[in-house]
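Participant:
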Amino acid sequence: MLSEPIITIDVHGMTVDKALDAIRKKVNTAGSAVYEVRVIHGFHGGTRIRSAVREEFGYGREPKIRRVQPGDNEGITRLILKELY
Numbered sequence: 012m013l014s015e016p017i018i019t020i021d022v023h024g025m026t027v028d029k030a031l032d033a034i035r036k037k038v039n040t041a042g043s044a045v046y047e048v049r050v051i052h053g054f055h056g057g058t059r060i061r062s063a064v065r066e067e068f069g070y071g072r073e074p075k076i077r078r079v080q081p082g083d084n085e086g087i088t089r090l091i092l093k094e095l096y
């Protein structure tokens, strides 16, 4: 069974701590074929989870994550695990 190249996780309605734990679990269990974990955290209900995700996983704090970038809309954050050149 091949792994999907993009894993999506929806953390709407979770507390910040539960969302970060769920995201960390997805990142740590991602197979070698996965190059991105797409986090759907929403925007209109507040930005606490978005801010926490970008703070927690940015700045080289998580070794598996190469970079963090905004998604196509403000309710998504992309965690890039490997570059596709």
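This note's numbering puts the first residue of the sequence shown at 12, with every later residue one more than the last.
Cβ coordinates follow ideal geometry from the N, Cα and C atoms, glycine included.
1) For Glu15, which residues from the same chain have a beta carbon less than 8 Å from its beta carbon, with the 5 sequence-adjacent residues on both sides left out?
2) Could you give the residue range of the beta strand (DSSP E) that holds Val48?
3) Since Arg77 and Lys93 are thought to touch, with beta carbons under 8 Å apart, how far apart are those beta carbons, to the nearest angstrom?
4) Just tell me which of Leu95, Pro74, Thr58 has its CA closest to the CA of Pro81.
5) Would you grab the beta carbon distance between Gly55 and Val22 for me? Rounded to a whole angstrom, and I think it's under 8 Å.
Facilitator: Taking the structure as given:
1) Taking the first residue of the sequence shown as 1, we reach residue 15 at position 4. Result list for Glu15: Ala44, Val45, in chain order.
2) Residue 48 sits at position 37 when you count from the first residue of the sequence shown. Residues 47 to 51.
3) Within the sequence shown, the letter at position 66 stands for residue 77. Within the sequence shown, the letter at position 82 stands for residue 93. Right, their Cβ atoms sit about 6 Å apart.
4) In the sequence shown, counting from the first residue as 1, residue 81 sits at position 70. Minimum Cα distance to Pro81 is reached at Thr58.
5) Here residue 55 refers to the residue found at position 44 when the sequence shown is read from its first residue. Here residue 22 refers to the residue found at position 11 when the sequence shown is read from its first residue. Residue identity check: residue 55 is His in the sequence provided, not Gly. In fact, because the Cβ distance is near 15 Å, the residues do not count as touching under 8 Å.
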